[in-house]
Amino acid sequence: MSNKTIPNQGISSDRIFAAMETIKQKDIRWGEGRAFSLVFKGDKEMDEVIRKASQMFFSENGLNPSAFPSLKQFENEVVSMMVDLLRGGSAGCGSMTSGGTESILMAVKAAREWGKKNKPGHPRYKIIVPLSVHPAFDKAAHYFEMDLVKVGLGPDYRVNLAELEAKIDDQTVLIVGSAPQYPQGVIDPIAKMGELAKKYKTLLHVDGCVGGVLLPFFKMNGANVPDFDFNVEGVTSISADLHKYGYAAKGASVVLFRNKVLRRHSYFSSTDWPGGMYASPSVLGTRAGGPIAAAWAIMNYLGIEGYTRVAGSIKNTVDEFKTRIEKQPGIKLAVEPDMSVMCMVGDGVDIYQVGDGMTKRGWHLDRQQNPAGLHLTVTYAHAEVIENFFSDLALSVAEANNFGAKLSGMKTGIAKGFIKAMPKSVVGKLVEREGKSFGKDLEGDGPKSTAAMYGMMEAIPGKGDLDGLVLDVLDGLFTLQKPLDLEGKQQ
Ligand SMILES: *Cc1c(COP(=O)(O)O)cnc(C)c1O
836 MSNKTIPNQG
846 ISSDRIFAAM
856 ETIKQKDIRW
866 GEGRAFSLVF
876 KGDKEMDEVI
886 RKASQMFFSE
896 NGLNPSAFPS
906 LKQFENEVVS
916 MMVDLLRGGS
926 AGCGSMTSGG
936 TESILMAVKA
946 AREWGKKNKP
956 GHPRYKIIVP
966 LSVHPAFDKA
976 AHYFEMDLVK
986 VGLGPDYRVN
996 LAELEAKIDD
1006 QTVLIVGSAP
1016 QYPQGVIDPI
1026 AKMGELAKKY
1036 KTLLHVDGCV
1046 GGVLLPFFKM
1056 NGANVPDFDF
1066 NVEGVTSISA
1076 DLHKYGYAAK
1086 GASVVLFRNK
1096 VLRRHSYFSS
1106 TDWPGGMYAS
1116 PSVLGTRAGG
1126 PIAAAWAIMN
1136 YLGIEGYTRV
1146 AGSIKNTVDE
1156 FKTRIEKQPG
1166 IKLAVEPDMS
1176 VMCMVGDGVD
1186 IYQVGDGMTK
1196 RGWHLDRQQN
1206 PAGLHLTVTY
1216 AHAEVIENFF
1226 SDLALSVAEA
1236 NNFGAKLSGM
1246 KTGIAKGFIK
1256 AMPKSVVGKL
1266 VEREGKSFGK
1276 DLEGDGPKST
1286 AAMYGMMEAI
1296 PGKGDLDGLV
1306 LDVLDGLFTL
1316 QKPLDLEGKQ
1326 Q
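Numbered per my numbering, the sequence shown spans residues 836 to 1326.
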């Protein structure tokens, strides 16, 4: 292990950028449609619009809207456009945030404050979510010291309504549905959840982080999209990420509320600071101007016509993916997805082995669990790669069929027996070692067996141990291995 220190003498910008170019080569090749998460690429013109807008407001700070009327204007217009898209009416309002997680944090915080006022007398408040809900809700409950209760899914991966209803109690301030949820891409029964929210007087948040900006335009392209927005009476807040299918620059999302009374609960103020009166609508203090400006610019640039056109292209690509996955023996879709997010599972083949085969061939597909699957978020960039993707998929499935499945079964079996027989400290060490190869996978350093890694994770008894394992991996990822060579040796 070695350290990086601030260089004694500054280094020429040529060398700096050369080193940055070099290391960038290791990143996933999202520009060629090789990634199925993390980057939502538009076309060249869209890209130019957000780059130019970001650049123009690169130094501005959204912390103080009265100092930057420009950003205040953009932000209010972005929120207004989103309220209109998601049918929030004249009372609808919201805030811009840095991303889905921050939007969700604000909705959960608002629910807790709402609870203190409307359901007083509880030491803690409760949020009820489907098992499929994004971990940002676990994070929010953790940060805000609330209880998170999870509800199982039906065979169609949508929340089990009877179980949800049975779990609602007086401490419950918020129930959550997703449109769609990330793991299998289906929309929870929002209309029915709205009825429950009204019946039991709780708030209802719709996590439209990935779908909020795309579903309305899928619908305009003829897709069958159930109501998931403020048109459903019980819905009180919605999160929607502009930096996903809104094609904004990263760092842009909105959290929308049905009215200003609810939004007020998400705010924060401090009035006794010697530095002055301080009030802020969300988590961040200093807020980069770039993402706010870029979001405003791209929404105006695309317009309803542009978003509908882009969504139409995505929908065609999605239909092609669905058809071809169903035609490929050995794998299938976990469930018919409602939008562009889907999950491939094995149908007689070890899907993680298929994933390893795809990684080897330069594709980046996230591994999922319960059930074991590979995640696909289909975007605008994927129209071009259909042929290559499916020929590589066929090869990977064939490989997994031939010898991979047996090998993986063996590895997993060995790991399972091993772990059960070992004291915790030894498990930690083993995990450290396996964790490194897991980390390398994320760095794109070539294929390591994630099949074996996931096999091991399944085998660890008890959730506490599993959390420890994952945090060990995180520690490993955020430990500097070797500083970048800036001395020009590579030149
Ligand atoms: C992406 C996503 C989030 C979290 O958004 P971030 O921008 O990554 O913080 C939450 N929910 C769903 C369904 C998502 O797809």
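No residue lacks a Cβ here, since even glycine has one placed at the ideal position from N, Cα and C.
ALA971 beta carbon near ligand 1 (any heavy atom closer than 7 angstroms): yes
First and last residue of the uninterrupted alpha helix (DSSP H) at PRO965: Counting along the chain, PRO965 falls outside any alpha helix (DSSP H), though it belongs to the beta strand (DSSP E) covering 961-965.
CA nearest to the CA of CYS928, picked from GLY1125, VAL1090, PRO1018: VAL1090
3 or more residues per run - each beta strand (DSSP E) lying fully within the stretch 1018-1077: 1038-1042, 1072-1076
Own chain residues within Cβ distance below 6 angstroms of SER1115, not counting five before or after: PHE1103
Terminal residues of the beta strand (DSSP E) in which SER1088 lies: 1088-1092
ILE851: CB within 7 angstroms of a non-hydrogen atom of ligand 1: no
Inter-residue Cα distance where the pair is LEU1321 and ASN838: 14 angstroms
Stretch pair the stretch 1050-1068 + the stretch 1001-1010: three plus CB contacts closer than 8 angstroms: no
beta-carbon ASP1076 near ligand 1 non-hydrogen atom, thresh 7 angstroms: yes
Beta strand (DSSP E) segments (min. 3 residues) lying fully within the stretch 1088-1168: 1088-1092, 1103-1105, 1113-1115, 1166-1168
Euclidean distance between Cα positions of ALA942 and VAL1232: 42 angstroms
Bounding residues of the beta strand (DSSP E) (the contiguous stretch that carries ASP982): 982-986
Proximity below 8 angstroms, CB of TRP1131 to CB of GLU912: yes
Straight-line gap, GLY1069 to LYS1027 (C-alpha atoms, nearest Å): 9 angstroms
Helix, strand or coil at SER1175 [DSSP, three-state]: coil
Environment of MET1179 [buried if 16+ CB atoms lie within 10 Å]: buried
Where ILE1010 sits in the DSSP three-state scheme: strand
heavy atom of ligand 1 below 7 angstroms from VAL1041 C-beta: no
Bounding residues of the beta strand (DSSP E) (the contiguous stretch that carries GLY924): Neither: GLY924 is in no beta strand (DSSP E) and is coded neither H nor E.
6 angstroms Cβ shell around SER930 - same chain, five flanking residues per side excluded: VAL1090, PRO1116, SER1117
Euclidean distance between Cα positions of GLY1248 and LYS1150: Per-residue confidence for GLY1248 stands at a pLDDT of 48, beneath the threshold of 50, marking its modelled position as unreliable; no derived number is given.
Opposing strand residues paired with SER930 [DSSP bridges]: VAL1090
HIS957 - containing beta strand (DSSP E), residue span: Premise fails: HIS957 is in no beta strand (DSSP E) and is neither H nor E.
DSSP state of THR857 mapped onto helix, strand, coil: helix
First through last residue of the beta strand (DSSP E) which encompasses THR1212: 1208-1212
Through-space distance from VAL1184 to THR1121, alpha-carbon basis: 49 angstroms
VAL1180 - partner residues in DSSP beta bridges: LYS1167
Euclidean distance between Cα positions of LYS1275 and GLY1192: Residue confidence is low: LYS1275 scores 44 on pLDDT, short of 50, so the model does not pin down where it sits. Its coordinate-derived value is still stated next. So the alpha carbons of these two residues sit roughly 16 angstroms apart.
Residue from SER901, GLN1163, GLY1147, MET891 whose Cα sits closest to the Cα of ALA800: With the chain covering 836 to 1326 only, the question about residue 800 has no answer from this structure.
Segment limits, alpha helix (DSSP H) that includes ILE1003: It is not in any alpha helix (DSSP H) - ILE1003 carries neither H nor E in the DSSP assignment.
Under 8 angstroms between C-beta atoms of ASP1062 and ILE1025: yes
Proximal residues to PHE979 (C-beta, below 7 angstroms), its chain only, five neighbours per side dropped: VAL943, LYS944, ARG947
The stretch 1205-1225 in contact with the stretch 871-882 per 3-pair CB rule at 8 angstroms: yes
Identity of the residue in LEU920, TYR992, VAL986, SER1101 nearest GLY1047 by Cα: LEU920
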